[in-house]
Every structure is written in structure tokens, then in C-alpha cells.
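Report on one structure; see the data block that follows.
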Amino acid sequence: MKELFCTDINENLAGRKVEMYGWVQIKREHGGVVFVDLRDRSGIVQLVFNENHNVECFKAASELRPEFVIRVVGEIRKRENPNPNIPTGQVEIWVDELTVLNTSNTPPIGVVKQEDVSEELRLRYRYIDLRREEMRNNIIMRHRVALEVSRYLNDHGFLSIETPFLTKSTPEGARDFLVPSRLNRGKFYALPQSPQIFKQLLMISGFERYYQIVKCFRDEDLRADRQPEFTQIDIEVSFVEESDIFKLIDGMFGAILKNCYGISLELPIRRMSYDEAMERYGSDRPDQRIPFQLFNMEGFTDLKPKEFVSNGLQQGKALYGLLLPQFEELSRKVLDGYTEQARKAGTELFTWLKVDKGAMSGPMTKLFDNTPEELGDRLRDTGATDLAALKTKPAILLASMGERAPVLTFLGRIRTELGQKTVEQGDWKRFAFCWITDFPLFEWSEEVGRMVSVHHPFTSPQSDDLTALERDPLNLKSRSYDLVLNGVELGGGSIRIHRRAVQEKIFSLLGMSKEEAHRKFGFLLEALQYGAPPHGGIAFGLDRIVMMLQGEDSIRDVIPFPTTTSGTSPLSGAPDMVSPEQLSELGLRLL
218 MKELFCTDIN ENLAGRKVEM YGWVQIKREH GGVVFVDLRD RSGIVQLVFN
268 ENHNVECFKA ASELRPEFVI RVVGEIRKRE NPNPNIPTGQ VEIWVDELTV
318 LNTSNTPPIG VVKQEDVSEE LRLRYRYIDL RREEMRNNII MRHRVALEVS
368 RYLNDHGFLS IETPFLTKST PEGARDFLVP SRLNRGKFYA LPQSPQIFKQ
418 LLMISGFERY YQIVKCFRDE DLRADRQPEF TQIDIEVSFV EESDIFKLID
468 GMFGAILKNC YGISLELPIR RMSYDEAMER YGSDRPDQRI PFQLFNMEGF
518 TDLKPKEFVS NGLQQGKALY GLLLPQFEEL SRKVLDGYTE QARKAGTELF
568 TWLKVDKGAM SGPMTKLFDN TPEELGDRLR DTGATDLAAL KTKPAILLAS
618 MGERAPVLTF LGRIRTELGQ KTVEQGDWKR FAFCWITDFP LFEWSEEVGR
668 MVSVHHPFTS PQSDDLTALE RDPLNLKSRS YDLVLNGVEL GGGSIRIHRR
718 AVQEKIFSLL GMSKEEAHRK FGFLLEALQY GAPPHGGIAF GLDRIVMMLQ
768 GEDSIRDVIP FPTTTSGTSP LSGAPDMVSP EQLSELGLRL L
């Protein structure tokens, strides 16, 4: 086993003879000298093959090609012309022995430079793609983040406990990956979408503090931040309140940023309710780097709105605005496009107002029998901006009216879309965390024609009064919470239901008969009768965390061997056909 990595070589070792192993990255020939950049997982160090120093090594070095695997023995010397761009730039190794351990074909994708290479080709030759510095750093940082999570949780009294991969199908969320049982013909295991029930059973078992960094599986349509198999940081705690979870996780991310990235995270992480997030940002995953917010325009009723606006507000319709400073470049074509988008989003009105050095114009002026100056005064009263800004800088006010939910969601989508174009480059590197709390317990699904859980059916309502649950379920709040970073949900959790009667009531409200609930979750319901403690937890996607912290756009760039967006592996050819004999053993046949 090698003793030194490339970046272990430094000035303090000058004069020492060392043995090094790695790959040839670049070779440069200058008369009687050949320079080679030797690469390993840590980085590169320069090798010197000097004809006057060792003629045999010099001749052998002339035959080296990129990605050859070599062993060298040589003396560390200080460089006459240091390279400040690499950690080993002050030193080089003068080679006395060279052994070629393996040759290499010309790689189909570049290792040093990679231009116009399709992701399909990168995944086909992933073992070469992973040699690139960016990819290598991503995977190493993934290891460091996972290690820091384990260290932090171990230090806080948590136990790492494994849960089953072959379990029972309980299709309440995404589709399960099913595994046929050879020994139990006609029956199937499911790969876990989450260890949710088992970690609750561990709390009932009395382990009190559990964590696991574990693979989970979901058979769903894929996108940039989804994979059929993903890695989850899973946490569960007994005798806990929401504030305990927030404090624990604040500290965990503080430790990750400090020890892995050298960044101090301001703690505690900001907390806001779901209602506040929707009211201010039009999203339950707000990107707080974007400086502008939504605001309620109910106060505009004190002006002289035209009948359409006045009647809508009297009927309880919501009227919200979004003030965009310095957006003079928004064309009429773009604004007309927003009008069509608003209609498709289910709002009843979309309008806009341009503000330039105090002067106002646009279709919004026609909805009020007021002067532009009166509109400007009321706009400033909302606190959406200050008087000085409106007098000196151009801006656009976008407004929408209709039912509250589609209005907020539509304006929130515009806020995110335009905000990404306007936030200064430096701000995009800022980590803006926030907790979103107090989600609705249920929401109505038009697709299935009934209520569904916003998080999952094991989430505790804020009141476990069974009468209240029955009376107005769609207005109930849950004891759930999500952690958001820069507009992306990193993970979520909740305080769980620990009383059987409450859990059965939740199943009933979700349209599940007693028989169905017992068939799917009978083992959990039974366990809740045997001294289940109050407990709660949270789960994070490790892939997504590393993607965000590394500044990547796709989790495929932080996973060693991911699949494509269609769930296939160009590297291994999975999924693939199996033989008729294998199917027969399982009691299966293709139709």
C-alpha cells in the first residue's frame, strides 16, 4: 500500500527519496528533460526525467502516454520556477526509477479538459469521468460530509442501526420497487422508500436516538435532483419537541459547513411558518437570496378601484403584488406571456405597472380611478419599497387577483424565475437556510379525489383531539417541518403519532378502511399499544445536500454511478432482460 499521496509532497520533505504511484496526466518534453504531472486522488505533483540525471528513465518517460499507470522512485527537490496554482507547486520529484504498471487506450472523454461531451458518454465511461478534478472533489467531499454527519450524531448519543431492505409494500407515496419472492410464490418484497416505520419501531423498542445513512428506492419519474436509488440521512429521537430537532440539525449543518468548507453558519437557522412563507415568497421552499417579496394589496381598496377589482375584493378574492426593482428590460412580450401563464395557473387577473423616476404607466393605472401619484403613495405605504428607490430607480409592479393559493403560487414562481437573473453573482454563493414549519396536515388531491397527507400519514397533528380531527381536517396544521437551502428542500420531518387511536383516525380520514389499515400497517398499530414514547425525526437527501454545497446543478454529479433520467445505466446496461429460467423460478412470465 502506498505511503504518500501526491499532495503530501511539500518543501519540508525536500531531499527525501520517495516512492510514488499514480496516473500520467500531462507530459511535456523540453529538449533533454521530460516533465510529467503525476495524478492520484489527492491532486498532482510534477515529475522530472532529466537526461543528464538518469538517461534510462528519460528514455522510458518519452514513451509515456496520458492515463498510463506508473510507479516512480525519486528525490524531492525545490522547484526553480514554482507553480502557485497547485498545492505542490513549490516542489518536484527527480525520478531515478520508473515502472509502467499498465498502459491505457486513448480515453473517449477528456480527463484534463472536457468539451462538448454528452452526459450519456460521461456515464458510459464513468470510471474515466470520475478521474476529472471536479468529479473527484465531489465524491471526496461527499465522503467528508457523510463522515461529519456520523461524527456529529455519534457525539450526540445517537446509535447507527440498520433497517431491512426487503420489506412490505405500502404504496402511499411513489411507486415501490418490487422484488418477487422465490420461496413464497406470488408474493413480493418492496425496497424501502424510507425506513420510516422501522425507525419508529426502534423508538418503541427503546433505543431513543437512531440514525442511519442508508439507500432508499423510489420508482418514479426522474429529474435533475432525483434518482431511483438515493442516499438518505435518517434520524429519529424519542422524548423530543420540534425545538429540539431544530437545535440538533442547526448544529449538524453548522458542523458540516465549518469542518468541511471552513464556513461559519449563522445560528439559529431562521424559522418561518408555511403560511408566512407562502404569504411572503409564494413558495414553501423560498430562496431567501432573492431580495424582493410578495405583498398584500388589500389596502388598495381605500383607493378607487374599478368595479371588477372592487367586486373581486368584496367577494374575498386575494390581491397580491410583486415589486421588481430595476426591471426596465422586461418587454411587453414577456409581460403578455405572464398574462397567459396567470390564466393557466388559475388566477382571475394579472396586471402590471411600470415605475420610472416617480412616473407610472401600464394597464394597472386603468383599474383604478386614481392618479399615478396616488397609486405610488399607496405602493410605498405597503412597505414593498422605499420612497427614494421609487423616485430614482425604474421598477415594475406585477399584481394578480383570484383565489389565494394560485395567486401566491403564480407570483412566487415569477419571483424565483426573475430572481435567479438578478441576484448578484456573489450572493449565489451564499448559503441561505430556513426552516418551514406548521404545514397543513392534509390537502385535497383532485387526482385521487380525496384528502392526502402533505407529508406522510404518520405525522402528528398539532392537536390530537379526535373530535377536532373529524370536524375540520383540511384546516388542521401538522407538527411537520422542512429545511430549505437556497430554494431547495434538503429534507423534512415531523413529530410522529404515538397513540394508536390517533393513528387509526388519520388512516380513516385518508379514506382507508380498518381492514386496509390493518393489512398495510397492522404491525405498527399493534406496536403503538405497547408503550410507544413521544418521538419525532427528520430525513435528508445526502445527494441533494452535497449537490447544493458543491454548487452542482444535478445530483448525478455527486453520485459515483448514477442512472440517466430514464433510469438506465449506460455503464452496466441495467436494467436488462433475465432468462426464462430465472423468471420460471420466481413463478413469473412476461405477457
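Using my numbering, read the sequence shown as starting at 218 and increasing by one per residue. Yeah, the Cβ is synthetic: ideal placement off N, Cα and C, and Gly gets one too. All values reported here derive from a predicted model rather than from experimental measurement.
Could you give the DSSP three-state label for residue 342: helix, strand or coil? coil
- According to the Cβ coordinates, are residue 491 and residue 655 closer than 9 Å? yes
Complete beta strand (DSSP E) runs within the stretch 245-307 (minimum length 3 residues, chain order): 250-257, 260-267, 286-295
By DSSP, does residue 398 sit in helix, in strand, or in coil? coil
Identify, in the order they occur along the chain, each residue of the same chain with its Cβ nearer than 6 Å to the Cβ of residue 320, setting aside the five sequence neighbours on each side.
-> 285
_Quick check on the DSSP output: what are the complete beta strand (DSSP E) runs of length 3 or more inside the stretch 347-412, in order along the chain?_
395-397, 405-407
* To do: Determine the closest residue to residue 572 out of 557, 561, 414, 612, with distance taken between C-alpha atoms.
  => 612
Open item on the list: Just verifying my parser: in three-state terms, what is the DSSP assignment at residue 665?
Closed with: coil
Beta-carbon spacing of residue 291, residue 312 below 9 Å | yes
For residue 777, which residues of its own chain have a beta-carbon under 7 Å away from its beta-carbon, when the five flanking residues on both sides are left out?
Correct list, in chain order: 347, 356.
Checklist line | Where residue 453 falls: helix, strand or coil (DSSP) | finding: strand
Close-in-space but distant-in-sequence residues of the same chain around residue 694 (CB under 6 Å, 5 per side omitted): 655, 679
Is residue 646 near the ligand COA, with its Cβ less than 8 Å from a heavy atom?
Ligands in the displayed structure: none, and consequently the ligand COA is not present.
Is the CB-CB distance between residue 414 and residue 675 below 9 Å? yes
Burial state of residue 456, where buried means 16 or more other Cβ atoms lie within 10 Å: Within 10 angstroms of the beta-carbon of residue 456 lie fewer than 16 other beta-carbons, which makes it exposed.
| query | Does the distance from the CB of residue 448 to the CB of residue 759 come in under 9 Å? | reply | For residue 448 and residue 759, yes; Cβs fall inside 9 Å.
- Item | Option in 752, 305, 570, 647 with minimal Cα separation from residue 474 | 647
Open item on the list: Tell me the DSSP secondary structure of residue 229 in three-state form.
Closed with: helix
For this session: Any chance you could list the alpha helix (DSSP H) runs of at least 4 consecutive residues sitting entirely within the stretch 612-650, in chain order?
Result: 621-639, 642-645
Taking the alpha carbon of residue 529 as the point to measure from, which residue in 567, 554, 557 has its own alpha carbon closest?
567
So what's residue 528 in DSSP terms, helix, strand or just coil? helix
Is the beta carbon of residue 624 less than 9 Å from the beta carbon of residue 535? yes
Query raised in the report: How many Å lie between residue 658 and residue 720 at the Cα?
Result: 13 Å
**OP:** Measure the alpha-carbon distance for residue 493 versus residue 368 and round it to whole angstroms.
**Re:** 35 Å
- Determine which residues share a DSSP beta bridge with residue 678 and list them. 695
Quiz item: Closest by CA to residue 710, which one among 802, 696, 704, 500?
Solution: 696
In chain order, what residues of the same chain have a beta carbon less than 6 Å from the beta carbon of residue 245, not counting five sequence neighbours either side?
252
- Exposed or buried, residue 792, counting other C-beta atoms within 10 Å across all chains shown (16 or more means buried)? exposed
*Pull up the CB-CB distance for residue 628 and residue 511, whole angstroms please, since I reckon it's below 8 Å.*
5 Å
Original post:
Can you check whether the CB of residue 773 is closer than 9 Å to the CB of residue 340?
Top reply: yes
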